[in-house]
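The following block contains the structure:
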């Protein structure tokens with residue numbers, strides 16, 4: 001039997017948090033909600049997480065780290081899939097994971113203004129720490145449909161994982177396609193189409209398709225004429241034990 005589950009938890013000093021899922025079975029606790037067949041939904045006592053959506057399959061995991069603010073629609077269909085949002089993140093958008101043994105991970109202190117992630121066909125999406133994503137951004141491991149060579153009848157647009165490094169700023173309206181890799185401490189210009197692997201750090205990538213348009217750059221969330229070296233390197237704190 002499928003039914004709707006709504007969990008409201010009173011947290012001292014923080015008001016209420018709302019967690020809603022449509023699922024086949026459920027059991028609730030202070031920070032843990034079991035979904036489907038052995039799936040785990042863990043907010044780690046987080047009063048700021050609001051996730052809506054559908055989870056079907058076996059032993060899937062959705063984990064939100066402490067202090068993260070999450071407002072997402074999540075669709076997870078398959079077995080042994082994982083969605084990790086580490087501590088200190090601000091994540092808004094939609095995340096779809098379809099298939100088996102796939103992973104979407106957002107490392108700590110990363111922010112999404114509004115991001116759509118499609119993770120399918122046995123691939124992963126990994127997003128580093130201290131990243132900043134604007135609105136209307138898509139990240140995809142697949143085109144969702146096949147482009148086929150007429151002579152060989154083979155599919156030519158094969159799926160591939162996406163990896164985004166630490167301290168990456170992605171501008172408004174960008175599309176990060178299957179197989180893309182964006183290096184640490186880099187920038188993706190607004191409305192860019194990224195469809196390949198970049199390896200050089202401290203670059204500005206822009207265009208359709210994207211290419212390097214400037215070398216030797218970094219970025220900061222602040223706005224002023226000049227920054228100290230310490231201000232530009234504040235994001236380079238030691239990685240956590242899970243990174």
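Residue numbers (my numbering): 1 to 243. We put the CB at the ideal spot given by N, CA and C, even for glycine.
- Between the C-alpha atoms of residue 146 and residue 157 there is a straight-line separation of about 6 Å.
- In the three-state scheme derived from DSSP, where H, G and I count as helix and E and B as strand, residue 231 is classed as helix.
- For residue 61, the three-state secondary structure derived from DSSP is strand.
- Look at the segment 159 to 205 and you find these whole runs of beta strand (DSSP E), each 3 residues long or longer: 162 to 164, 168 to 170, 186 to 188.
- Annotation: the continuous beta strand (DSSP E) that includes residue 138 extends over 137 to 140.
- Pairing residue 181 with residue 164 gives a Cβ-Cβ distance under 9 Å.
- Every beta strand (DSSP E) of 3 residues or more that sits fully in the segment 65 to 124 is shown, in chain order, as 69 to 77, 82 to 85, 90 to 98, 103 to 106, 115 to 120.
- The beta-carbon separation of residue 142 and residue 178, rounded to 6 Å, stays under the 8 Å limit for a contact.
- Per DSSP, residue 128 lies in no beta strand (DSSP E) segment and is marked neither H nor E.
- Less than 9 Å separates the beta-carbon of residue 217 from that of residue 203.
- DSSP, reduced to helix, strand and coil, places residue 236 within a helical segment of the structure shown.
- Put simply, the backbone Cα of residue 113 is about 9 Å away from that of residue 172.
- Residue 220 has no beta-bridge partner at all, per DSSP.
- Around the C-beta of residue 66, fewer than 16 other C-beta atoms lie within 10 Å, and the residue is accordingly described as exposed.
- Rounded to the nearest angstrom, the Cβ distance from residue 119 to residue 94 is 11 Å, too far for a contact under 8 Å.
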